[in-house]
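So the sequence shown is numbered by this note's numbering: it starts at 31 and just counts up by one. Quick notes on the structure that follows.
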Amino acid sequence: MVEEIIKKAENFFEEGKKEIENITDEELLEKWRIKFLGRKSFLNQLCTDIPNLSKEEKIICGSKFNELKKNLIKLYEDHKNKVRKREIKYNLTFPGRRFFTGNLHPITKVIDEIVDIFHRLGFGVAEGPEIETDFYNFTALNTPEEHPARDIWDTFYIDKKNNILLRTHTSPVQVRIMEKYLPPLRIIAPGKCFRRDSFDSSHSPMFHQIEGLMVDKNIKFTHLKGILTYFIYEFFKKEVKLIFSPSYFPFTEPSAELSISCVICSGKGCSTCGNTGFLEILGCGIVHPNVFKNVGYESSEFTGFAFGMGVERLAMLKYGIDDIRHFFYNDIRFLNQF
Ligand SMILES: [Zn+2]
Numbered sequence: 031m032v033e034e035i036i037k038k039a040e041n042f043f044e045e046g047k048k049e050i051e052n053i054t055d056e057e058l059l060e061k062w063r064i065k066f067l068g069r070k071s072f073l074n075q076l077c078t079d080i081p082n083l084s085k086e087e088k089i090i091c092g093s094k095f096n097e098l099k100k101n102l103i104k105l106y107e108d109h110k111n112k113v114r115k116r117e118i119k120y121n122l123t124f125p126g127r128r129f130f131t132g133n134l135h136p137i138t139k140v141i142d143e144i145v146d147i148f149h150r151l152g153f154g155v156a157e158g159p160e161i162e163t164d165f166y167n168f169t170a171l172n173t174p175e176e177h178p179a180r181d182i183w184d185t186f187y188i189d190k191k192n193n194i195l196l197r198t199h200t201s202p203v204q205v206r207i208m209e210k211y212l213p214p215l216r217i218i219a220p221g222k223c224f225r226r227d228s229f230d231s232s233h234s235p236m237f238h239q240i241e242g243l244m245v246d247k248n249i250k251f252t253h254l255k256g257i258l259t260y261f262i263y264e265f266f267k268k269e270v271k272l273i274f275s276p277s278y279f280p281f282t283e284p285s286a287e288l289s290i291s292c293v294i295c296s297g298k299g300c301s302t303c304g305n306t307g308f309l310e311i312l313g314c315g316i317v318h319p320n321v322f323k324n325v326g327y328e329s330s331e332f333t334g335f336a337f338g339m340g341v342e343r344l345a346m347l348k349y350g351i352d353d354i355r356h357f358f359y360n361d362i363r364f365l366n367q368f
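Spelled out as structure tokens, the structure:
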């Protein structure tokens, strides 16, 4: 008789042990507690048989029941701790938390896009300092002492006596790269530039440029035209007309300005293109032999081309933005659109 009762009690304990393992929340754990430790539990029901046992049997049975009950309580307490800890982590009934992941700034996005297009043409990315010396920003780029760009009214000088300034264009990166490496070279250099301009709808004292440079044997203007044509088509995803018109930059000879048919009005004439149907996009040219001389290249051996474009202007045209200041106001309603 007693063996039978003990066997039933042990089976009940094993059942409890098995069931509790799969419990992952407090509600089910409470149901388990009532079933295995509650007043009406099977174990307590078995206890009603005890008075029918002999004295020795009562003792054996009682101590066995106490042992099993103690073990069930321990199982319950241990599991309760586990469930609570886990629940804090995985409670699926918590209200969802909204994540603000943000997105890339439109200027960063456009830079990435441009870099990507030139990557496909084998151009690597180069970087240079935003605080430059007069030598890298002007002298090495064949810009003479009396050039108006060197004027204090156009350039932010940090230390005029020592000719330390905020770079006015990304072209100094060309010089720094050519000083370090020999041709063949194919780089683009995106970055911030600074000029003493007023902050209005089309000017900002801080803006972004992307510089391009390719140097090798027998590089000609046709290479420049081919690369820029590919770039414009890829960037605007439109068949536009391109016009290269003669221009002047101290560091290129010949120099040209690239205009494209207006991407806003398709060349019909609008306020963006000043009713001309064309937009100036960038400056470019064949690297001046004096620049090669300044970096120690043999200009009889190598030729190259360079170009520089304003990122804000390209972004404005691509996305139809009419005021450059939108990029810097940090208005979330504007930035969220990209
Ligand atoms: Zn237009």
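All C-beta atoms in this analysis are idealised placements derived from N, C-alpha and C, irrespective of residue type, glycine included. These numbers come from a predicted model, not from an experiment.
| field | Own chain, CB closer than 6 Å to Glu264, minus 5 neighbours either side, in chain order | value | Against the sequence shown, residue 264 aligns to sequence position 234. Excluding its 5 nearest sequence neighbours in each direction, Glu264 has C-beta neighbours in its own chain below 6 Å: Ile147, listed in chain order.
| message | Using C-beta distances below 7 Å, list every residue in its chain close to Pro235, excluding the 5 sequence neighbours before and after it, in chain order. | response | The sequence position of residue 235 within the sequence shown is 205, counting from 1. Excluding residues within five positions, the ones whose Cβ falls inside 7 Å are Phe224, Arg225, Arg226, Asp227, Phe229.
| query | Can you find at least 3 beta carbon pairs, one from the segment 207–223 and one from the segment 145–161, that sit closer than 8 Å? | reply | A contact between stretches requires three or more CB pairs, one per stretch, nearer than 8 Å, and the segment 207–223 meets this requirement with the segment 145–161.
| said: Going residue by residue through the segment 174–261, where are the continuous alpha helix (DSSP H) segments of at least 4 residues, counting only ones entirely within it? | reply: DSSP runs (the alpha helix (DSSP H)) wholly in the segment 174–261: 202–210.
| field | Distance cut-off 7 Å: Gly299 Cβ against heavy atoms of ligand 1 | value | Here residue 299 is taken as the residue at index 269 of the sequence shown, counted from 1. Correct: Gly299 has its Cβ closer than 7 Å to ligand 1.
| query | Does the pairing of the segment 42–56 with the segment 102–109 give three or more beta-carbon distances under 8 Å? | reply | The segment 42–56 vs the segment 102–109: in contact.
| Residue span of the beta strand (DSSP E) that contains Cys314, given as start and end | On the sequence shown, position 284 is the one that residue 314 refers to. Start and end: 308–317.
| Tell me, which residues are paired with Met339 by DSSP? | For this step, residue 339 is matched to residue 309 along the sequence shown. Bridge partners of Met339 according to DSSP: Ile240, Leu312.
| query | Can you give the beta carbon distance from Gly221 to Gln239, rounded, assuming they're within the 8 Å contact cut? | reply | As a first step, residue 221 must be located in the sequence shown, where it is residue number 191. As a first step, residue 239 must be located in the sequence shown, where it is residue number 209. In this structure Gly221 is in contact with Gln239, their Cβ atoms being roughly 7 Å apart against a cut-off of 8 Å.
| task | Specify whether the segment 279–291 and the segment 349–365 touch according to this definition: at least 3 beta carbon pairs, one from each stretch, less than 8 Å apart. | result | In short, these stretches do not touch, since the Cβ pair count stays below three.
| query | Between Ile188 and the rest of its own chain, which residues show a CB-CB distance below 7 Å, the 5 nearest in sequence each way excluded? | reply | On the sequence shown, residue 188 is found 158 positions in, with the first residue counted as 1. Contacts found: Ile161, Ile194, Leu195, Leu196.
| request: Have a look at the DSSP bridge pairing and note the partners of Phe274. | output: As a first step, residue 274 must be located in the sequence shown, where it is residue number 244. Beta-bridge pairing links Phe274 to Leu288.
| query | Roughly how far, in whole angstroms, is the beta-carbon of Lys348 from the beta-carbon of Phe266, given that I think they are within contact range, below 8 Å? | reply | Along the sequence shown, read from residue 1 onward, the residue named residue 348 stands at position 318. Along the sequence shown, read from residue 1 onward, the residue named residue 266 stands at position 236. About 7 Å; that satisfies the 8 Å criterion.
| query | Should Gly350 be listed as close to ligand 1, given that the test is whether its C-beta is under 7 Å from any heavy atom? | reply | In the sequence shown, residue 350 corresponds to position 320, counting from 1. It does not: the Cβ of Gly350 is nowhere closer than 7 Å to a heavy atom of ligand 1.
| field | CA-to-CA distance, Asn366 to Gly132, given in whole angstroms | value | Counted from its first residue, the sequence shown places residue 132 at position 102. Counted from its first residue, the sequence shown places residue 366 at position 336. Gly132 and Asn366: Cα-Cα distance of roughly 8 Å.
| Opening and closing residue of the alpha helix (DSSP H) in which Ile137 lies | Start at 1 with the first residue of the sequence shown, and residue 137 comes out as number 107. Looking at the DSSP string, the run of the alpha helix (DSSP H) that includes Ile137 is 136–150.
| C-alpha gap between Asp353 and Ser232, whole angstroms | Here residue 353 refers to the residue found at position 323 of the sequence shown. Here residue 232 refers to the residue found at position 202 of the sequence shown. Cα to Cα, the separation comes out at about 6 Å.
| Among the residues of its own chain, which have a CB less than 6 Å from the CB of Cys300, if the five just before and after it don't count? | Taking the sequence shown and counting its residues from 1, the one referred to as residue 300 is at position 270. Here the set comprises Ile294.
| Do three or more CB pairs link the segment 302–309 to the segment 317–324 at distances below 8 Å? | Cβ pair count under 8 Å is below three, so no.
| query | Any chance the CB of Ile294 is under 7 Å from a heavy atom of ligand 3? | reply | Absence of ligand 3 from the depicted structure is noted, with ligand 1 being the only ligands included.
| Status (buried if at least 16 other CB within 10 Å, exposed otherwise) for Leu258 | For the purposes of this step, residue 258 is taken as residue 228 along the sequence shown, with counting starting at 1. So Leu258 counts as buried.
| task | Answer yes or no: the CB of Gly256 versus the heavy atoms of ligand 1, is any distance below 7 Å? | result | Looking up residue 256 in the sequence shown gives position 226. No.
| Just to confirm, are Leu272 and Ile290 a CB contact at a threshold of 8 Å? | For this step, residue 272 is matched to residue 242 along the sequence shown. For this step, residue 290 is matched to residue 260 along the sequence shown. With respect to the 8 Å criterion, Leu272 and Ile290 are classified as neighbours on the basis of their beta carbons.
| field | Own chain residues within Cβ distance below 6 Å of Thr185, not counting five before or after | value | Position 155 of the sequence shown, counted from the first residue, corresponds to residue 185. Correct list, in chain order: Leu195, Thr198.
| Within the present structure, is the beta-carbon of Cys303 separated from the nearest heavy atom of ligand 1 by less than 7 Å? | Within the sequence shown, numbered from 1, the residue matching residue 303 stands at position 273. Flag set: Cβ of Cys303 near ligand 1.
| Distance, Cα to Cα, Val325 vs Phe335? | In the sequence shown, residue 325 corresponds to position 295, counting from 1. In the sequence shown, residue 335 corresponds to position 305, counting from 1. Cα-Cα distance, rounded: 15 Å.
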